[in-house]
Amino acid sequence: GVRLTNSTGSSARPIAQTVVLMILGLSRDVPAWMRAQQDHQWAPHVGEEVEGTNLAVIGMGPIGEETARLGIALGMNVVGCRRTVTGNEPCETRTFEALGELLAWADYVVLALPLTHDTRGLIGAEQLALMKSTARFINVGRGDLVNEPALIDALQQGRLAGAGLDVFATEPLGAESPLWDMPNVIITPHNSGATALANHRGAQIFIDNIARFTSGAEMRNEVAAHQVGAGTIGR
């Protein structure tokens, strides 16, 4: 039969760094600076600092763990969330039973989950309503983890302070989406992990697995048959 592997972990660092870019970009309202630059306007404004704020990382795979480490380095209070807590996470970590509590606690919520039958639609209107109106929402997992119309509504109604989005329910994101024109939303085109080093790490995993396969050794990142098609392939 066919054996399938993926490159999980190869892009964790750049994706986590993009999360930090979004956190800092939203806290300092970098989009406002960029708009002023495009308009040749000198427009100072007062931003926020992230030290001492609360960061909830939903999903503690390689991306989530790296995001947690960077959040800790910024002086943020970081709590992770995953299905099963191992005790080896870089921060305090809770199970999904505590998701609602974490959403209400967080100033920044980061989704770093794969899309599975269990995680599809994890964040809907009910979950978004738990979040502070001053909170920011960041998704670098998969678009269908979130009810996108509910997210748009929360942003339009001022029930969320902003969002950083690398993934969407439909990609490319349609030109008609109101997300494009929201001043408090940072959009990246499912591109947060695209660096030369990440590509190199992915290629090295593939080359290593060829050697392992031909020698009969256990391969890295092998995907179980029941995971195929469940959204586990990729990051």
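Just so you know, we're using my numbering here: the sequence shown kicks off at 11 and counts up by one.
All C-beta atoms in this analysis are idealised placements derived from N, C-alpha and C, irrespective of residue type, glycine included.
*Measure the Cβ-Cβ separation of L175 and N149 and say whether it is below 7 Å.*
In contact: L175 and N149 (Cβ atoms closer than 7 Å).
_Give me the residue from V89, A160, A213 with the minimum Cα distance to S17._
Among V89, A160, A213, the Cα nearest to that of S17 belongs to A213.
*Counting Cβ pairs, one atom from each stretch, are 3 or more of them under 8 Å apart for the segment 39-47 and the segment 60-76?*
Because the criterion of three Cβ pairs below 8 Å is not met, the segment 39-47 and the segment 60-76 do not touch.
*Short check: CB of G151 to CB of S21, under 7 Å?*
Taking 7 Å as the Cβ cut-off, G151 and S21 do not qualify as a contacting pair.
*asked:* For the pair the segment 101-115 and the segment 46-54, tell me if three or more CB-CB distances fall below 8 Å.
replied: Between the segment 101-115 and the segment 46-54, the count of Cβ pairs shorter than 8 Å is below three; the stretches do not touch.
*Closest to I25 by CA distance: which of T77, L14, L34 is it?*
Measuring C-alpha to C-alpha distances from I25 to each of T77, L14, L34 identifies T77 as the nearest.
*Can you grab the Cα-Cα spacing for the pair E232 / R222, in whole Å?*
The alpha-carbon atoms of E232 and R222 are separated by roughly 11 Å.
*Can you give the Cα-Cα distance for V195 and L165, rounded to whole angstroms?*
Taking the straight line joining both Cα atoms gives about 9 Å.
*asked:* Mapping the DSSP letters down to three states, classify R169 as helix, strand or coil.
replied: In the three-state reduction of the DSSP assignment, R169 falls in the coil class.
_Going by C-alpha to C-alpha distance, which of S143, T96, D128 sits closest to V119?_
Comparing alpha carbon positions, the residue from S143, T96, D128 closest to V119 is S143.
*Apart from the five residues on each side of it in sequence, which residues of its chain come closer than 8 Å, Cβ to Cβ, to C91?*
Cβ within range, chain order: A66, V67, I68, G69, M70, T103, R104, T105, F106, A108, L109, L112.
_DSSP three-state assignment for T103, whether helix, strand or coil_ = The answer is strand: DSSP assigns T103 an E or B state.
*Have a look at A122, R13, M44, R169 and flag the residue whose alpha-carbon is nearest the alpha-carbon of D154.*
Ranked by Cα distance from D154, the first of A122, R13, M44, R169 is A122.
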